[in-house]
Structure formats: structure tokens, C-alpha cells
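Asker: Residue 2 is where the sequence shown starts when you use the numbering used here, and the numbers rise one by one after that. We put the CB at the ideal spot given by N, CA and C, even for glycine.
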Amino acid sequence: MNAHTIPELRCALSREAIIGHETAWKVSGFGVAQYRHGYDPALLAAIEEAALKLKASHAVHKHLDLTFITGADRYIPEIKELLHDKLRLERLSDMMGTKLEPYPLSIVGSTVTFMNPRDGAVEWHCDGVPVTELIPLSISDPLIGGHLEIYCDDSETGRSILE
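So this is what it looks like as C-alpha cells:
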């Protein structure tokens, strides 16, 4: 795969398809996709190993019922390497149709989220950084826990249904 090859998409939705209408506040019309990223398995294993070692001392359980390490690239150099990988950024930019760069604030720009049953389950929310890439470091077999759901409609409507 060269720098300008879009990763193999398994499924995708546009931003408009998710929200149900066009919006002015966006970085791209891209919404969500599941794709085969092709990242080095040894690099991801090194990130997972380092994160598990840091969990007791650096992870916190706070908002959204999640246990995570924020600003993880400050503690795990392999995350910083992946975040700033030029080829990765070019591929993702091509896929999204707009030039991407690492989020400038480390505390938000790189997070390791622990997803074991005792770590919590993310609560419904509709905020966040403009673009997020979720990279599973490991997947249990059999799968334990929930799954990612994407609500397709206006966020206010979704919130009112939950309340």
C-alpha cells in the first residue's frame, strides 16, 4: 500500500448520513468507517504492553464511565511515533478528503482507554475532538463486553430519548 492508497474500508457512513442533514461545522463530510489500517502488530503490542504497565499508576476512572490514560503519548513513545507517522497521516487524510494533523493538545490527542468489564462502559455522548481514530490494541476471544453504536439522527433527539 502506498501513501495515497486509501485503507481497505469494511463499511462507512458520511457525516450527513449519521446526523441526517448537512452541517456547517465540520472538518470534512466524512462520518465514520471501519477499515483495515495495516499498522505494525509489533508496534501495537508494544503500546498495549506499556499501557498495561502504566494502568495502575496513570489510568483514571472518570467522566463517561471510562478508565483511561490521557496524554498517553507523553508516557508511551510508540504512541507518539504512530501519531506523527507521515504515511499514516497521508492515508487518513486521503480517506477523509482533508489534510489531517495530530491534535495539538496531548492530553486530548492521545488516550488509551481500558475496556475490560471492570473498567466501565462508555456512556452515550455527542462531543469530542473533530476527528477520532479508534485503534484496538487487543480483542478478547471470546469477545467480552459491548460494542460501538452510532446513533443516526440529531444529537438532541438522541439525548432526549435517553432521558
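Determine the DSSP secondary structure at Ser94, reduced to helix, strand or coil.
Answerer: helix
Asker: Using C-beta distances below 6 Å, list every residue in its chain close to His38, excluding the 5 sequence neighbours before and after it, in chain order.
Answerer: Cβ neighbours of His38 beyond the five flanking positions: Pro8.
Asker: If we require 3 or more residues per run, which beta strand (DSSP E) segments fall completely within the segment 69-127?
Answerer: 112-115
Asker: In three-state DSSP terms, what is Glu134?
Answerer: coil
Asker: Could you tell me the distance, in whole angstroms, from the CA atom of Arg75 to the CA atom of Leu135?
Answerer: 18 Å
Asker: Looking only at its own chain, which residues have a Cβ that is under 7 Å from the Cβ of Ile20, when we skip the five neighbours before and after it?
Answerer: Asp155
Asker: Based on Cα-Cα distance, which residue from Phe115, Tyr104, His22 lies nearest to Leu83?
Answerer: Tyr104
Asker: Can you check whether the CB of Ile48 is closer than 8 Å to the CB of Ile70?
Answerer: no
Asker: Could you check how far apart the C-beta atoms of Thr99 and Leu67 are, in whole angstroms? I think they sit under 8 Å.
Answerer: The pair is not a contact, with the Cβ atoms about 28 Å apart (cut-off 8 Å).
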